[in-house]
Every structure is written in structure tokens, then in C-alpha cells.
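Student:
Protein chains: 4
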Amino acid sequence: MAANFGSDNVTPACEPVMQALLEANRGTAASYGADDITARLQVRAAELFETEVAIFPVTTGTAANSLALSQIAAPFGAIYCYEAAHIVTDECGAPEFFTGGAKLIGLPAADGKIRPEQLTHEFGFADEMGVHHVKPAAISLTQATEWGTVYGNEELSAIGALARRRGLKVHMDGARFANALVHLKCSPAEATWKSGIDVLSLGATKNGALCAEAVVFFEPGLAADFERRRKRAGHLWSKLRFLSAQLLAYLDEEVWLKNARHANAMAAALSMGLREVPGARVLHPVEANEVFVEFPEKTVAALESAGFKFYRWPLYVSRSGVAIRLVTSYMTPKSDVEAFIAAAQRWSAA
Amino acid sequence: MAANFGSDNVTPACEPVMQALLEANRGTAASYGADDITARLQVRAAELFETEVAIFPVTTGTAANSLALSQIAAPFGAIYCYEAAHIVTDECGAPEFFTGGAKLIGLPAADGKIRPEQLTHEFGFADEMGVHHVKPAAISLTQATEWGTVYGNEELSAIGALARRRGLKVHMDGARFANALVHLKCSPAEATWKSGIDVLSLGATKNGALCAEAVVFFEPGLAADFERRRKRAGHLWSKLRFLSAQLLAYLDEEVWLKNARHANAMAAALSMGLREVPGARVLHPVEANEVFVEFPEKTVAALESAGFKFYRWPLYVSRSGVAIRLVTSYMTPKSDVEAFIAAAQRWSAA
Amino acid sequence: MAANFGSDNVTPACEPVMQALLEANRGTAASYGADDITARLQVRAAELFETEVAIFPVTTGTAANSLALSQIAAPFGAIYCYEAAHIVTDECGAPEFFTGGAKLIGLPAADGKIRPEQLTHEFGFADEMGVHHVKPAAISLTQATEWGTVYGNEELSAIGALARRRGLKVHMDGARFANALVHLKCSPAEATWKSGIDVLSLGATKNGALCAEAVVFFEPGLAADFERRRKRAGHLWSKLRFLSAQLLAYLDEEVWLKNARHANAMAAALSMGLREVPGARVLHPVEANEVFVEFPEKTVAALESAGFKFYRWPLYVSRSGVAIRLVTSYMTPKSDVEAFIAAAQRWSAA
Amino acid sequence: MAANFGSDNVTPACEPVMQALLEANRGTAASYGADDITARLQVRAAELFETEVAIFPVTTGTAANSLALSQIAAPFGAIYCYEAAHIVTDECGAPEFFTGGAKLIGLPAADGKIRPEQLTHEFGFADEMGVHHVKPAAISLTQATEWGTVYGNEELSAIGALARRRGLKVHMDGARFANALVHLKCSPAEATWKSGIDVLSLGATKNGALCAEAVVFFEPGLAADFERRRKRAGHLWSKLRFLSAQLLAYLDEEVWLKNARHANAMAAALSMGLREVPGARVLHPVEANEVFVEFPEKTVAALESAGFKFYRWPLYVSRSGVAIRLVTSYMTPKSDVEAFIAAAQRWSAA
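Chains as they are written, first to last, in the working numbering: chain A, 1 to 350; chain B, 351 to 700; chain C, 701 to 1050; chain D, 1051 to 1400.
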């Protein structure tokens, strides 16, 4: 079978996560999170982030993002983000649904990273408009970004400082947080609350879990009544231990960081190989597990015909070719990377 | 350890469901429901219900109920149900959230079953009020009910016929559908669309799944755009195969019906034994896997002290005693039932 | 033309209100409330209520109620009220819409007045249910009530004290606040914040305005961001001076209280006369401008045939007859009252 | 007093509208739109638009726009419009609120007019994204636009045809519809449904009414249940005759078109004069009653100091100067126009 670079969500759950599920499946347990495993997850998360946190397991990234945003943005609030952020284009209006109508204000960013100056400009506009405009409430940053780049901690901190001055909260969509973390080579605390992040959507599904994500508040007071938001969205599992068990197994260095390191390494190898391919143009620094590369249309068509799986990226418009997205995962074999590079070589030579 | 009759959601997943999860966890698979297992579930559901259906796996009963209701009730709609239905008291406003503000109109019902005459009266009121009142849109029935009773098919059909005449849709909250079905001794088709049900929340978690429920539409046309509702609520799993696999394993007669038969038998044994206990009063016909029984306060306190797990039922107010709810499950051992009866005997004699 | 007791909203605007509109219609004025008349209204309201208030003119009672409730109840909140309160039966789900899905929990009350014991019971239920239930957030009281009775200030205070202990806010639907006030013979301050009311929907339309109501917060801090709620509901007039002018003219003792006194006096006269009619049964103390009276069906039919306008009251079910509602207004002539009593006499003798 | 070009909403109501209000204020009338004046408005609107229409008076433009959009876009729908349309920047999230979370997708347009090619591109993107993206539902066009330009009927028709092919509905925000109409020199029918418009927000407040707008559906079937939407938003007046009376008076050629002709003529005179002013740059064709003109900062500051009222336009960013918006109205005196031109001359010469 040809290599599948379509998404990291086509993977199965990794071994330690499945093992944890099996172990959790013994005997009865208190429901709705009153179980031991969930209690241990809470402890583990505090330890991992080196501060008291409130962590809430949920099933999907869309749920994590939207629940988090609904906690920090009023229905008449503005949420600033990249104009092609996942929350804008890929969640079918979930943030608007969960917040009760808050507005996502999308900002352009060639590499997926928004800048403080853009935010300052928007705040100025909001100030002039007053009550006629939605009220600046939150900023949402994707880490790693939709273009496979990673915000540096100083970039995050600059945005965080601006947010604090204006009374806004900062959300991080960390669907690929582990991938960003291994790139940054810093602690989870440094990559989040020490850099101004108030609430994190911590992804695990793409990096080895079966169906587990979490919302993490770094100031537990910010999570007041969040339990009820989760419940009324249908995201409080009765057998919550099975979500918590996945996360507890996942948040072990030998699982989440090891998995992410492998995925990032495969992406790096892929981009390195493709940079040598005539006619190929790697579009952005490859800092996580996604490679965006422009090819002539005929190369892309040939790669598709050969059975390789990947997406043509609809947001990229160019006269010179087609951009495709290649995503690697914790289980991408080196051979898939090599096969793809070889095929690209072959077809671009043709 | 003393017996746990607190809820059927304290159980682990049953063996066939866990086995199915393990089998589904092999290699990559298309995400968001484009996988083979989900396709097979669709086929199996149609076969089971003897008609073309649209089935949508989700994670929780609250999600299933609220998504289903949002599909059949406008934001300015009225949903008629029992006044202490799960959707009214136990879902933290999820139906209002998902529907965008529809109103649940709760009707009294000593045994949890609402009657056509009550609905007719309500429709008359709505007609008089016109535009000032919410518009009659849907009826939601819980099967088995919140009091452990079961609507007979003729009871359902009478409500279904009334609904059709008025243009309303009928939803069934089937969190314990399997338990009702084995009581009714009829086919799934007879228990649902042949009796006027338009959409079913099909529960599996309480009866042996890990985290699986489904919304089933018996007229696929009624499911138009439902996919987007599920997505924007954060209830579309990327690795959907893992939900579908649970349901596929569950909907095998040797699993769902066998599990339910056992739970119901244990409840029947419990109620039979308790009817012999002086001072105990079984409150309703025990037709599924729940037993409601009134005891003097001191008996209840003694049973609690002895370590038995169950709920004091807040909706029941009586001068003569306290009502408790005992729920049996697919894995309740006969010995737990016997131990409870013996303890009740002992303490009521005291 | 026969007398119209259908509603006090069939009346035209009274002379002083129309005069104020004409006077406000001179030259340009700053829009969206930055005009002088709106500023004067703010001053007048503070003077009238003897405390600093935040007052927001709006167009309808439904808007006033729903906006007020959305400010004090979260989307996952519970709002306790009389089960047939206007906000429950007559506003087509507006409170659910504006709050983003909060739940109105209706309590029975023969005379339209809910009691502290009922609330205490509900809070106990909510406490037991925890996160599965909506969170107690607010209490809404209608003054005068839907049955034409009036809460005494000590009754309000008892509810207010309970609310404060639990951290709930109290809303008053004062669609007929002036009518209640003249009955209570107390100051506006005593009838509201001194008796525990946090926010008032102050009605004027039924009592002589053209289209003016207001939301009044007695603790301006409670009104944070309320401006944006009003705006995004389409209830911020560009030419706001025309709403403010109505209210400013209305809140003159010679207008609002005089108008209400007349309406109440006519209702009192009506009920006094009807008490003498054989077969008629006045249903509740007549404390404002509404009279509910039970007649035999044939009397009601005869009165309708004679051209009198009133409503048969759908919420009242009795074997002995039909209840009708008679509403008097600031412009009800004494002769209409006398004509109605005479007709009732005549037909009940028949 | 110096001239006020801040907005056309600073004007009082014009004489015929006030006269109609006074005439409507006689005796009692059926409430909630069952009155004669509202019936006559319905007839008048059908006559005016040369087809059967459903017309719903409301109080504000924000209400008209948002209610209209909520009727044609599902909560998971996409509404395409100009990126700085009033519904995007000036209504505090009202469209999101009323639709239950639909997404406004803003498209760039230098002159405020979006083009079919832009829509086609967006639809292609939505098709590729499938269920992950909001569903194309509606297009909203502002007429006259936010930049004072006017869509030609052939431009509207091209968009209308595209919408019909894709099953989308087209909304027109006609806050300044009369101004556009007198520019187009065509019939109201030609300017709306004959050019593909499904629903119109018909503005009157800016052009001489006190507080009246209307939602007009050109296919009454499209208005199903709209009554309930209006009611639950608090936009159904009890004394609706007073809204209908304004509109009935307004929709007389000698009122709405005459008023608009004057406003447009004043804007034309203003722009003609300003084109002669050194350093001034009129930014777009002046086709309605708004003039956007760029001046050096010092000229703008001088004009402000001289007491002239207008807005600096925040959406316009330029190195060479500041853009201001000048709005004329039905009552702008020629002398104000002349005074402003003279002042601009004087200060730019300085």
C-alpha cells in the first residue's frame, strides 16, 4: 500500500494507550469523573505543567476548542485568530455555536502566525466602533500552526502581554501541541502559561490516542462552571475513566514526546528530501509534522495516480503550481518517506 | 464489596465490545466516518430495523438526544415530554443549547408515561396563544421511562398518530432501549418506526459499550444536514471507526439483548424479593432494569451504612418514607440481588 | 361600540406622551442615546428610584424581560418563576433565545405568586443534581401578577433575602408596575430594590406610552456590557431620543400614577359590581387592573354576542364555568364598566 | 450651528410621518398587527412591489437584517457579504445571535460591491471542505453600499442567478434603499425581486421615519414562521399600528423618493464642489447620499475645529491623508453643503 500522508488522524491508537484502556476496563467505577483514574490525571497534569491546573478531558478537538472559547468569550465578544485557523474553516461554526454567537475575526498571516501589530490595529478599530462592534474578548493561536510552523515562546509572550494589557484571554489550539513542544525544546509550562497562554486545547488523538483531547486551564479560577458547559454540550462521558486513562497513558514522556519526535523527524526528512527535487518548493519552515510543498500540476497528478494519499491545499493559490500538504505521524515509516521522495524525483524528472 | 445499584453506567465495557475495539485498532483508516466499519454499521442498522435508516454514532446520550431534537424542533419550537424526563432534569440545558432555545414543555405522569389527552390539551393551548407561544414541534418519549416502566407499542402508536395529524415529529430517548425491547418481546422495527417513532437515541453505554450511542432516523430524508449539526457540536470523531466498532459489536443479539435480558431479570428478582419485605413498597411495575422502592428512612440509612450503593430519588416526596432507585446491569451478579434483599429484610425487621 | 376589556395594549398613547414625541422631533440630535433627552431620563430615573440606576429604554416588554434575564442568567442557568408567567407562555421562547438556552423552571401558584418554600425546594433539588442540572441563577416575579394580584413588599423581601443567600439575582417583570405601585401605596424604591429586586422591566406601553419600556438596574455594576446585549438584539434605536422622550413624559406622577390609579379604580368598580351578579365568581383579589371572573358558559357567550371584548382564559379549567379576563386601562370610561355589569346582570338572570 | 454630516440618523421624523402617527393615535385598535393600518400597509407593499409580498415592520435596521438572515440561513450556514458590511462590523454580532451561529464570510471589495467570481471561488472552497465547513446558505448585499455606491440591476442579477443555481437565498440590506432606487431610476420591483433578491431590509428611519424599518419577502412562502422569529426577538410591537402608520406614510412617492432625491442631490453637490478643492480626493462614485473624501490631516482637523460633524473612516488607511464620510439627508440644507465646501477650500488653501 502506498504511503498515507493525508492526516495524522488516520492512525490507530498507540500501544500504551490501548493498554491503558484495557486496564481501566476492570470492574465498576464511579461515573462522570468521580473515578480514581480521573483524579490521577488531574495530579499528573499539575505536575506536568508545574502549576495548579484544571483539566477536562473531552472527545474531539472541535469540542476542546469551542468549549474553551465559550469560557473566555461572551456571546457579543470578538475572538482574534488567523484567518484560515482550524476554528474558522474546519469546525462548521462550532465556536459560534458554543459561544452563543461570538465573532471570529480572522487575520491574514502567510505562515499561519498572527502578529501583535495586527491585534493592536484591530483593537483600535473596535475602540472606535464602540458598542456597535463585538467586544475584544480572546485571542486564539494554533500551535503548531495550520502551516506547520511553530510560534516561538517570545512570539507567544508578546501576544500574551498585549492581551493582558487589554483584558483579553489567550487560547491555544494545541491539536499538535506535542509536535510544537519537541520543536521548541522547552517545558510544557514554558510553552504555555509562562508564555501567556490562559487555556490550552491539548490534543492527543492525532498523536496516538484513540479519542482523547483535553481543555487545560492554567488558572483554575478561570474554569468556574466549565463543568456545566461540558455537560450541556454532551461532552461529559458517563464512563469518563476511559478518556482519562488515555490521557494519563499519553502524557508520559515515552509516549507523547516520543511519538511527536518521530513524526517531526519524518517531516524533516521529507522536507529535506523534497528540497532536492527539481520543481518542488517547500513553502514554509517545517517545524512540526506537516510539510507544505508546491509542485507542478502534473507531478501532483502523477503522485496521486501512484496511490499516495495527501491533500491538495485549497487555501493556496498560485500560478506556478499546486500546493499539497503531507502530514507525518507517530507511526510513519521511514520507507514511506523515502518512497515519496523517490516518486517525486521520478515524476519531476519526467 | 457491597453491591452497586447506583447506575448501569458504572459498568465496564463488555467483552465483545472491547474485542471489537482491539480489532478496529489495526492500521490506518479513513477518518470522519469514511471507513469500512462505519459503512458496515450503516448496513447492519438497516437490517436490524428492517428499513432504510440513517445512523449517526455519537459519544453520549445527552449528545444523541439533543442533536436529535435540534433536527426536529425549530428554535421557536415546543418539545413535549414528561416533566421529569432526563432531557429536562439531567442534561444541564443541552436540548435548549442544541436547538437554539426550543422549549421543553414537561407534563406530569406518575409512571413516567405521558398520554395523548395531555398532548391534545397542550396543542389546544398553543393554538389559542398563536404566535405568542412556542410552536408545537416534537414529542420526546423515554423508553424505558425514568420510572423503569415501558410504553406499550399501542401507547406509542396513539401518540405517534396524534403527532402525525399535527405535523409533529416523535423522538425516543432510548438510553435503555434494549431493556425496553426485551420486555416488549417485539422487533426493533415494531418498537420504533412501526409505532410512530421518527428518530431514536439508541443507547449502548449503559448496557455494555464503552462510550457509544447513536442517533437513528427512520426516514433518511429527515436527516438532511444532520452531519453538520454533529460536526459543529464537536461530536464527529476523527477516528470514527472506534465508535462504529462498538455499536457494530453491540447490535448483535448475543450482546445487546442478552445483556439487557440479564439486567431485566435481576431487576425482576430484586422487586420480587422486595415485595416480601415488610415496610417496603415497590412503586411501579418493574418492566426494565430499574426498581423504585419506598422504605422507612431508618431502613434506607441502614442500607447505606452497610455499603450498598443506590440513589435516594429526589423527585419522590412522601410522608411515609424515602424512595430509592436500584439499577441493575448486564453484569449484576445474582448474589448482589440476594444480598440486598436479605439486608432489607434484616433491617426492616429491626 | 361595546366596551373593550381585551387588553390594556389596545389603547392609544396618552396626550402627554404624544406631546413629548412632538417636542422631541425638532432638529437633529446625536444618535444611539448620546442625546440630551436620554441624559435627562437617566437623571429622572435615579431621582425617582432614590438611588443610582442604569436605565435602558427598549421597545417591547418581551425585549425588556429577555434582555434583563440574559444579563443575570448564564446559558446553563435556571430561572425560577410562576409556571404560567408571561415569560413562559407568551413570549415565544424569547428568554431562552436571549439567554442562549437558560431554562425557565415554572412553579405552580394559584394566585400567580410564588413562595420562598417552593424556591427552597427547587434549590435543594438542584444541589442534589449538581452538574447534571441547570444552575440556579435568577428568579423572575411578575408585578402585578398574571392573575391581577400584587406581591406585598414583605413577600418580595422574603424572596429577595433567599436569593441573596444563594447568590441569585431577582428580576421583576413590571409590565404593569405602575398598577402595582398605586396598590402598594409605597415609593418606587420600596417596591423594588429596597425589597430585593435587582433589575426591573418597567412597562409603560400598556399604561399610556406608544412603544416604551425600560430595563432598570439598581446596581449599575450589574449592567456591565448590557449596552452590547441591547445592540446585538436590534434594540438600540438610532433615534433613541424618541423612546427616552416617551419615558420621561411617562414618569411624571401626573401621568404614570394617575393613569394607573384610574385603571385600578375601574377594575375595582368592575369587580365590586360583578360580585353582586348571581353565578359570577371573581377569582382572585383584584389588586391592579385585571379582573378574572368565572361565569357559566352561556353568560360568556351572551356577553361576547353583545360585542364586549375580553379573553376566555385558557389556563383556567373548571367544571362549573368559564373564566374570562377583563383588563381596564387608563382610558376605560366608567360607562363601559357599568355597561358590562348591567349586561352580566341581565344575562345571568336570563 | 455648523453642518452635521455625521449620519442621516441624526434627523427628526419628517412631517408626513409625524402626521400619520398622530392620526393613528385615535381610539383603541387591535394589538399585535391585527389592526387596519397594518392591513393597509400589506396591500400598499404588494402594490408598490408589483407582486404578492409578506412585509413585517420592525424597529431597527439591525433587527431587520438579522431577522431576515435567520430566516434564510441555518445555524450551520455561511452568509457571504462584503468584509466591511454593516452586518459584519456594526451590529455587534446580531446576525450570529439571530441565526444561532451562522458565519458571515466577508469578501474584499474596494467599492463595497462583491462580485460573482468571488462567490464562485468561495463555493468551491466550501465544496472541498464538505461537512467541516459551514454550508453556503445566503448572500447579503448592501444597497446603497457602505461606500455610497450602488449595485446596478445587472450586477444584482448576476449574483442572483448564481445564488439560484446553488440554492442560496439573496438578502438586500436596504438601509438606504430609497437612495439607491432614485439613483437606479427603476421600479422597486426591478431593483429587488426582478433582479434576484429574495428578501429586503427596507430602511425608513434614515430617510424620514421615526423608528421604522421592514422585512419584505418577495415570495410569501419564504416567510413561514417568520412571525414567531419576530416575536421571540422582542420585535413584535403590541401597538403595531404605530410602526405600520410610519411605513404607510413613508412609502408614498412624495415622501420616500422625494426625501431620497433631495439627499442624493445634496451629496452630488457636495462631491462636485469637493472635486474642485485642492488636496481633496473623492474616493468613489457618489451614487447615493454618502461622500467619502480624503483630505490631508490638517484639513480634517481644521474642519472639525470649525464645528462640522462627520466621521473619520476607520476602514480607510492611507499614507497621504485621512478619509472622512459625509452623509446628507432629506433635510440637509443647500447652505450646509456650500458652507462645507467653502471651509474645505479655505483650509486647503491655508
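We put the CB at the ideal spot given by N, CA and C, even for glycine. Here the structure is a predicted model, which is why all the values come from computation and not from measurement.
#1: Under 7 Å Cβ to Cβ from A/R241, same chain only, skipping five residues before and after it: list those, please.
#2: Beta carbons nearer than 7 Å to chain C: which residues of the stretch 1289 to 1312 of chain D have them?
#3: Starting from C/E1054, trace the alpha helix (DSSP H) both ways and give me its first and last residue.
#4: Distance cutoff 8 Å, beta carbons only. Does A/F359 sit that close to anything in chain C?
#5: Could you check what DSSP says for D/F1360 in three-state terms: helix, strand or coil?
#6: For C/A1043, decide whether its Cβ has a neighbour in chain D, counting only Cβ atoms nearer than 8 Å.
#7: Under the three-state reduction of DSSP, which class applies to A/H132: helix, strand or coil?
#8: Does the Cβ-Cβ distance between A/T99 and A/A126 come in under 8 Å?
#9: Would you please verify whether the beta carbon of D/D1275 is less than 8 Å from any beta carbon of chain B?
#10: Tell me the start and end of each unbroken alpha helix (DSSP H) in the stretch 227 to 308 of chain A that is at least 4 residues and wholly inside, in chain order.
#11: Candidates A/G208, A/S7, A/Q42: which alpha carbon is nearest A/V215's?
#12: Would C/S938 and C/S707 qualify as a contact pair, given that the criterion is a beta-carbon distance under 8 Å?
#13: By DSSP, does B/I674 sit in helix, in strand, or in coil?
#14: Using a Cβ cut-off of 9 Å, which residues of the stretch 807 to 832 of chain C contact any Cβ in chain A, in chain order?
#15: Please state whether DSSP places B/P683 in a helix, a strand or coil.
#16: Taking all protein chains shown into account, do 16 or more other C-beta atoms lie within 10 angstroms of the C-beta of C/D925, making it buried, or fewer, making it exposed?
#17: On the three-state DSSP scale, how would you describe B/D440?
#18: What beta strand (DSSP E) runs, 3 residues minimum, are completely inside the stretch 837 to 887 of chain C?
#19: A/L210 to B/P407, Cα distance in whole Å?
#20: Is it buried or exposed for D/G1180, if we count other Cβ within 10 angstroms and need 16 for buried?
#21: Between A/G152 and chain C, is there a C-beta pair that is closer than 8 Å?
#22: Between D/R1279 and chain B, is there a C-beta pair that is closer than 8 Å?
#23: Can you tell which of D/A1213, D/H1285, D/C1236, D/Y1201 has the C-alpha that lies nearest to the C-alpha of D/D1223?
#24: With a CB to CB cut of under 6 Å and the five nearest residues on each side skipped, what residues in its chain are close to C/H821?
#25: Just to confirm the assignment, what range does the alpha helix (DSSP H) spanning C/L807 have?
#26: To the nearest angstrom, how far is the alpha carbon of D/P1328 from that of D/A1394?
#27: Locate the beta strand (DSSP E) running through C/G777, then write down its first and last residues.
#28: Of the choices D/I1209, D/A1262, D/W1397, whose alpha-carbon is the least far from that of D/A1330?
#29: How long is the line joining the alpha carbons of D/R1325 and D/V1332, rounded to whole angstroms?
#30: Need the endpoints of the beta strand (DSSP E) that A/L202 sits in, please.
#31: Mind checking the stretch 1349 to 1368 of chain D against chain A and listing, in chain order, the residues whose C-beta falls within less than 7 Å of any C-beta there?
#32: Can you check whether the C-beta of D/T1110 is within less than 8 Å of a C-beta belonging to chain A?
#33: So, helix, strand or coil for D/A1104, using DSSP?
#34: D/Y1132 and D/N1257 - do their beta-carbons sit closer together than 8 Å?
#35: Please list the terminal residues of the continuous alpha helix (DSSP H) segment that includes C/G761.
Tutor: So, to answer that:
#1: Around A/R241: A24, A29, D35, I37, T38.
#2: So the list reads K1289, F1292, given in the order they occur along the chain.
#3: This structure gives no information on residue 1054 of chain C, because the portion of chain C shown stretches from 701 to 1050.
#4: Beyond the ends of chain A as shown, which are 1 and 350, falls residue 359 of chain A; an answer cannot be given.
#5: If DSSP states are grouped into helix, strand and coil, D/F1360 belongs with coil.
#6: For C/A1043, the answer is no, since every Cβ of chain D falls outside 8 Å of its Cβ.
#7: DSSP places A/H132 in helix when its eight states are reduced to three.
#8: Not closer than 8 Å, so no.
#9: Answer yes: the Cβ-Cβ gap between D/D1275 and chain B drops below 8 Å somewhere.
#10: List check, alpha helix (DSSP H) in window: 241 to 250, 258 to 275, 297 to 305.
#11: Taking A/V215 as reference, the option from A/G208, A/S7, A/Q42 with the minimal CA-CA separation is A/Q42.
#12: The Cβ atoms of C/S938 and C/S707 lie no closer than 8 Å to each other.
#13: It is a strand residue.
#14: Of all residues in the stretch 807 to 832 of chain C, G830, V831, H832 have a Cβ within less than 9 Å of some Cβ in chain A.
#15: B/P683 falls in the coil class under three-state DSSP.
#16: Looking at its Cβ environment, which holds fewer than 16 other Cβ atoms inside 10 Å, C/D925 is exposed.
#17: Shown here, B/D440 sits in coil according to DSSP, grouped into three states, outside any helix or strand.
#18: With a minimum length of 3 residues, the continuous beta strand (DSSP E) runs that stay inside the stretch 837 to 887 of chain C are 869 to 874.
#19: Cα-Cα distance, rounded: 15 Å.
#20: The Cβ neighbour count for D/G1180, taken over all protein chains shown within 10 Å, is under 16; the residue is labelled exposed.
#21: Chain C contact via Cβ: absent.
#22: Yes, contact with chain B.
#23: Out of D/A1213, D/H1285, D/C1236, D/Y1201, D/Y1201 has the C-alpha closest to the C-alpha of D/D1223.
#24: Within the same chain, C/H821 has no close Cβ partners at all.
#25: Annotation: C/L807 is outside any alpha helix (DSSP H); the continuous beta strand (DSSP E) that includes it extends over 803 to 807.
#26: Straight through space, the alpha carbons of D/A1394 and D/P1328 are spaced by roughly 9 Å.
#27: The continuous beta strand (DSSP E) containing C/G777 extends over residues 777 to 782.
#28: Restricting attention to D/I1209, D/A1262, D/W1397, the CA atom closest to the CA of D/A1330 is found in D/W1397.
#29: Rounded to the nearest whole angstrom, the C-alpha separation of D/R1325 and D/V1332 is 6 Å.
#30: Looking at the DSSP string, the run of the beta strand (DSSP E) that includes A/L202 is 199 to 203.
#31: Listed in chain order, the positions of the stretch 1349 to 1368 of chain D with a beta carbon within less than 7 Å of a beta carbon of chain A are P1364.
#32: Under the Cβ distance rule, D/T1110 does not count among the residues neighbouring chain A, no pair being separated by less than 8 Å.
#33: DSSP, read as helix, strand or coil, puts D/A1104 in strand.
#34: Judged by beta-carbon spacing, D/Y1132 lies beyond the 8 Å limit of D/N1257, meaning their Cβ atoms are not closer than that value.
#35: Looking at the DSSP string, the run of the alpha helix (DSSP H) that includes C/G761 is 761 to 772.
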